[in-house]
Amino acid sequence: MAQNGGIILLLCATFSVLAMVGAEDPYRFFEWNVTYGDIYPLGVRQQGILINGQFPGPDIYSVTNDNLIINVHNSLPEPFLISWNGVQQRRNSFEDGVYGTTCPIPPGKNFTYILQVKDQIGSFFYFPSLAFHKAAGGFGGIRILSRPRIPVPFPDPAGDYTILIGDWYTHNHNTLKAILDRGRRLPFPDGILINGRGANAASFTVERGKTYRLRISNVGLQNSLNFRIQGHKMTLVEVEGTHTLQTSYSSLDVHVGQSYSVLVTADQAAKDYYIAVSSRFTEKVLTSSAVLHYSNSVSPVSGPLPGGPTTQIDYSLNQARSIRTNLTASGPRPNPQGSYHYGLINITRTIKLGNTAGQVNGKQRYAVNSVSFIPADTPLKLADYFKIGGVFRIGSIPDQPSGKKMYLDTSVMGADFRAFVEIVFENRESIIQSWHLDGYSFWVVGMNGGVWTPASRNQYNLRDAVSRCTTQVYPKSWTAVYIALDNVGMWNLRTEFWARQYLGQQFYLRVYSPVGSIRDEYPIPKNALLCGRAAGRKTRSL
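Taken in order, the sequence shown gives residues -23 to -1, 1 to 519; the numbers are from mature numbering (1 follows the signal peptide of the UniProt record, and there is no 0).
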């Protein structure tokens, strides 16, 4: 689109959002150009996805309740979408940036995302959600700072670093996609990147005696990773928007799709130290490193990399259980967390979700409750809004594992607005899993090995469980979460193992209110892209 057309579209989008949110909340404008470019993360030239020429993409800096106006120009030769991992889009799933809710940006065109980080703080990331673009880049960090008048439960750090870690392939992302399209499994990844670079290529400068905040996100494709710093302890302070008890760790397991904030004090001798990241729960261990550089360093990094945990499940499970909410800290609002107490609310529904792997029509597929998701020809949210029949069917995925043979369907589960539900993720496989729900945070109330039964509720933490948007499920284990369904819309619930997501291990949760009030859900944006059977329709937006 020509530049003037883009400006007009941006102004229209801005006026549209003014009708939906308070004009007193600040606006932040971003202009992004998405292109292909040569990258060399593991020393081999690859085709990467760049945003404004950067790999990884630029950080998004914001403050609670800011309105983010992000104008994305798609200069790729194929459709493109960006999603916002953990940014909740209150009452606005039209902007979620996954194909079930949002039409892709056509090649050579632009689209302006209109987001408000309403009542949120914390560390998150964005990523490309379409095709297998995530394996080429296009991801970056998101930080949402507290408003100045809201106290934060630790002193201001001397610096604030985004650290994006993840497994990586040297294969072109189109090659990886073709492997999956042929019904085959992907090979083991080739390495681990730290801020888009291989071993010792990334460096973070600190001054001795000062404390720094590190925002660590696992933006990879499938592997849990362990993060540690030679000679230094890390104090956990925030997990995906929740201030945590300030527990000290020598290493931290970061499962795929998860984000953590830690404080690190530069209290060692003035030299350089290794930052080590290694894969977990894999037969072959991948390891990469970066450098914590003291500004008055007298020597470079030396010696072996710091070792990771020597045990597998027990260490990780105990660490996960130790992560608790700081009930004395304010969140995005000045009221203490815990005034709305999840442990005192009656559950209205229990949903059990089981992940399976298998073959359908001779091709590798993955499923939730035996249903392997296939995309429709029209985004489900648009089909719902325009009442287009035949695109999806509510109830096309059961609430419980059925034991049926795996089959293909466009799976949508219906749910009532303001219901308070329990979801139990059951993992009967020998791999670790990671699950994410768009549009929400949930309380991780319990996790353990074996088979979940109603008696497992006796183990739940109903006092200070951490609230987050992504949780792991250990092999042959279960994880239980509580969710207050207070966000109307069509929301993607998916595995964060991207090959599994691509091959069907996801579905959509339709949270429905019959009232149809803009207090419950914003109207469709005036600049919404319309595709499939929704193409050419009028939006009826305010």
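Using N, Cα and C, we set each Cβ at its ideal position, and we do this for glycine too.
Beta-carbon gap between residue i and residue j smaller than 8 Å
i           : j           : result
residue 451 : residue 294 : yes
residue 100 : residue 236 : yes
residue 116 : residue 92  : no
residue 267 : residue 179 : yes
residue 390 : residue 326 : no
residue 383 : residue 347 : yes
residue 412 : residue 473 : yes
residue 25  : residue 114 : yes
residue 52  : residue 74  : no
residue 527 : residue 9   : Because the chain is modelled from -23 through 519, residue 527 falls outside the range shown and cannot be assessed.
residue 511 : residue 363 : yes
residue 345 : residue 449 : no
residue 89  : residue 47  : yes
residue 104 : residue 138 : no
residue 156 : residue 264 : no
residue 588 : residue 207 : For the chain, the structure presents residues -23 to 519; residue 588 sits outside this window and is missing.
residue 439 : residue 320 : yes
Cβ-based neighbour list, residue i, same chain, cut-off 6 Å, excluding 5 preceding and 5 following
i           : result
residue 423 : 436, 437, 457
residue 354 : 509
residue 262 : 255, 256
residue 524 : The chain is shown only over -23 to 519; residue 524 falls outside these bounds and no answer can be derived.
residue 400 : 328, 458
residue 442 : 420, 421, 422
Counted within 10 angstroms of its Cβ, other Cβ atoms place residue i as buried (16 or more) or exposed
i           : result
residue 513 : exposed
residue 464 : buried
residue 3   : exposed
residue -19 : With a pLDDT of only 39 at residue -19, under the threshold of 50, the placement of this residue in the model should not be trusted; the figure read from the coordinates follows. Classification for residue -19: exposed.
residue 470 : buried
residue -2  : Here the model assigns residue -2 a pLDDT of 44, short of 50, so the residue's position is not dependable, and the following value carries that caveat. Burial call: exposed.
residue 494 : exposed
residue 445 : buried
residue 273 : exposed
residue 430 : exposed
residue 217 : buried
residue 303 : buried
residue 6   : exposed
residue 499 : buried
residue 322 : exposed
residue 571 : Summary: the structure shown does not reach residue 571, with the chain confined to residues -23 through 519, and so no result is reported for it.
Close-in-space but distant-in-sequence residues of the same chain around residue i (CB under 7 Å, 5 per side omitted)
i           : result
residue 311 : 127
residue -7  : For residue -7, the predicted structure reports a pLDDT of 43, less than 50, and the residue's modelled location is therefore unreliable. The matter cannot be settled from this model.
residue 153 : 109, 112, 146, 163
residue 375 : 346
Bridge partner(s) assigned by DSSP for residue i
i           : result
residue 118 : 102
residue 413 : 447, 471
residue 270 : 182, 249
residue 397 : 461
residue 326 : 398
residue 513 : Paired residues: none, contrary to the question.
residue 24  : 15
residue 476 : DSSP lists no partner for residue 476.
residue 140 : 193
residue 386 : 350
residue 176 : According to DSSP, residue 176 bridges with nothing at all.
Close-in-space but distant-in-sequence residues of the same chain around residue i (CB under 8 Å, 5 per side omitted)
i           : result
residue 239 : 190, 191, 193, 211, 212, 213, 214, 226, 229
residue 124 : 40, 41, 42, 309
residue 259 : 165, 200
residue 453 : 404, 405, 406, 407, 426, 427
residue 34  : 9, 27, 28, 103, 114, 115, 116, 117
So within the segment 195 to 268, which uninterrupted beta strand (DSSP E) runs reach at least 3 residues, ignoring any that extend past its ends? 202 to 206, 211 to 216, 228 to 231, 236 to 242, 249 to 256
At 3 residues or longer, and completely inside the segment 26 to 95: list those beta strand (DSSP E) runs for me, N to C. 37 to 40, 44 to 51, 59 to 62, 87 to 93
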